[in-house]
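Chemist:
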Amino acid sequence: MGLGYEYASSILLCPEDSSSILGFDDGEGEEQDSHGEAQRRDLCQSPDQKSGFCGGILMDFTLQSEDCVVELVERESQHRPQGDYAGRLLRGQLDMVARSAAIDRIQKVHAHHNFGPLTAYLSINYLDRFLSSYELPQGQAWMTQLLSVACLALAAKVEETEVPLSLELQVGDANHVFEARTVHRMELLVLGTLKWRMQAPTPFSFIGYFLHKFSDGNLPDSLLISSSVDLILGTVREIGFLEYRPSEIAAAVALSVLKDTQILDLDQALACCIHVNKERVLKCHRVMQEMTPMKNRTHRNTSPSISAVPKSPVGVLDAACLSDESDDLAAVESHGSCLLRSSPAAKKRKLNRPSTS
1 MGLGYEYASS ILLCPEDSSS ILGFDDGEGE EQDSHGEAQR RDLCQSPDQK
51 SGFCGGILMD FTLQSEDCVV ELVERESQHR PQGDYAGRLL RGQLDMVARS
101 AAIDRIQKVH AHHNFGPLTA YLSINYLDRF LSSYELPQGQ AWMTQLLSVA
151 CLALAAKVEE TEVPLSLELQ VGDANHVFEA RTVHRMELLV LGTLKWRMQA
201 PTPFSFIGYF LHKFSDGNLP DSLLISSSVD LILGTVREIG FLEYRPSEIA
251 AAVALSVLKD TQILDLDQAL ACCIHVNKER VLKCHRVMQE MTPMKNRTHR
301 NTSPSISAVP KSPVGVLDAA CLSDESDDLA AVESHGSCLL RSSPAAKKRK
351 LNRPSTS
């Protein structure tokens, strides 16, 4: 059931005030927004986010049990894009260029703040699920930018131990700088559209299990894990991988990295895939072999330019409404300089911990 018109309007509408960037006088808004964001970060953090991926190496590796893998496989479908999302993108029914631009922004800010790989994957998972359920008006590049900021902010609050302020998630060549409260309202819209299902199973949830299975019960070393992380992150941009479940992608990644380091009998390895469709895993593996590694790709030619807009628009949200029959998100534009802060210290998080929601 979709959000009602009145609810969507209430969470998105805000008064226009040009007295300061955030709509407060004498720095009051900055102080209140910082305090509010600190409270949100505290609510979103969980104790088990204190160990895991650190500095590019998985320090605390834990294998998923068979029961846990079964549960995660059963929950996958609840955290995937709706309908024929990949087909709609390929047919031009959805804006493929806008999606690519949003992913570019997420990856740039993700790298700037040295976030973990799961944060990047979750951000794009939220983005794709939202775009599959909520059609943004075409020709509004700023709206896609706002969505990318909100998705990354939500993923960081779920996964990271330290979360920058909303303004700090708008680094780089952003054409707009949105107020913190505007980002928060977009976060609420994303949360509602995704039915608050934010603990999505990802390929990281399964990769350890399949590496262990395909290696005759041997624990994977840091090189295998690092290669797996790189390959998983290399799939997020490719539309062709949207049709595969996270478990299928993880199994295909495990086959790929193990095949590069040791003699691997594909038939024997696939016989271990009791929780996934073997044919789909093999097909995904073939697609993966044809994929150019992300580290050898340049996004300079594929990154779309943002449509020409004023560099300093006055912050205003004219209207926003969402109903069961018609979904229209109205404009939010704000002016001001982007606050930059140095990247936080390397953080630890667990890539393959079981999700609870």
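1 is the number of the first residue of the sequence shown in UniProt numbering; add one for each residue after it. For every residue, glycine included, the Cβ atom is placed at its ideal position computed from N, Cα and C. Note that the structure is predicted; figures quoted are calculated from it, not measured.
1. Leucine 152 and valine 109 - do their beta-carbons sit closer together than 8 Å?
2. Give me the residue from Leu136, Pro81, Leu219 and Arg237 with the minimum Cα distance to alanine 120.
3. On the three-state DSSP scale, how would you describe aspartate 42?
4. Could you give the first and the last residue of the continuous alpha helix (DSSP H) run that contains alanine 254?
5. Are the beta-carbon atoms of alanine 254 and phenylalanine 204 separated by less than 8 Å?
6. In the stretch 187–230, which residue ranges form an unbroken alpha helix (DSSP H) of at least 4 residues, counting only runs that do not cross its ends?
7. Quick one: what's got a C-beta closer than 7 Å to tyrosine 244's C-beta in the same chain, skipping five residues either side?
8. Going along the chain, which residues of its own chain have a beta-carbon closer than 8 Å to the beta-carbon of serine 256, five neighbours each way excluded?
9. Across the stretch 161–176 and the stretch 130–140, are there enough close Cβ pairs to call them in contact, namely three or more that are closer than 8 Å?
10. Do three or more CB pairs link the stretch 160–167 to the stretch 178–195 at distances below 8 Å?
11. Taking glutamine 268 as part of the alpha helix (DSSP H), name the residues at either end of that continuous run.
12. Give a single yes or no on whether glutamate 160 has its beta carbon closer than 7 Å to a heavy atom of the ligand FAD.
13. Determine the direct distance from the alpha carbon of aspartate 216 to that of aspartate 265, and round the result to whole angstroms.
14. Threonine 161 by DSSP, collapsed to three states: which one?
15. My output table needs one value for methionine 288: the three-state DSSP class, helix, strand or coil.
16. Given a cut-off of 8 Å, decide if histidine 212 and valine 70 are closer than it, judged by their beta-carbon atoms.
17. If I follow the unbroken alpha helix (DSSP H) through glutamate 74, where does it start and stop?
18. Taking the straight line between their C-alpha atoms, what separation do you get for isoleucine 207 and glycine 234?
19. At the level of alpha carbons, what is the spacing between glutamate 76 and histidine 184?
20. Between the beta-carbon of residue 358 and the beta-carbon of alanine 86, is there less than 8 Å?
21. From this set, Ser226, Leu224 and Lys278, which residue's C-alpha is nearest glutamate 248's C-alpha?
22. Given a threshold of 16 other Cβ atoms within 10 Å of its Cβ, counted over all protein chains shown, does alanine 111 qualify as buried or as exposed?
23. Among the residues of its own chain, which have a CB less than 6 Å from the CB of serine 123, if the five just before and after it don't count?
24. Which term fits asparagine 218, buried or exposed, when burial requires 16 or more other beta carbons within 10 angstroms of its beta carbon?
25. Have a look at Gln78, Leu224 and Cys272 and flag the residue whose alpha-carbon is nearest the alpha-carbon of threonine 193.
Modeler: Answer, in terms of the structure:
1. yes
2. Arg237
3. Model confidence at aspartate 42 stands at a pLDDT of 40, short of 50, so the residue's coordinates are unreliable; what they give is reported in the following sentence. Three-state DSSP puts aspartate 42 in a helix.
4. 246–261
5. no
6. For the stretch 187–230, whole alpha helix (DSSP H) runs of length 4 or above, ordered along the chain, are 203–214.
7. Arg280 and Cys284
8. Leu231, His285, Met288 and Gln289
9. The stretch 161–176, when compared against the stretch 130–140, does not touch it at the 8 Å Cβ threshold.
10. Yes: at least three Cβ pairs fall under 8 Å.
11. 266–270
12. In the structure shown, the ligand FAD is absent, as is every other ligand, since no ligand is present at all.
13. One C-alpha to the other measures close to 11 Å.
14. Three-state result, threonine 161: coil.
15. helix
16. no
17. 66–75
18. 14 Å
19. Taking the straight line joining both Cα atoms gives about 27 Å.
20. This structure cannot speak to residue 358, because the chain is shown only from 1 to 357.
21. Lys278
22. exposed
23. In its chain, beyond the 5 residues on either side, Ile106, Cys151, Leu152 and Ala155 have a beta carbon closer than 6 Å to the beta carbon of serine 123.
24. exposed
25. Gln78
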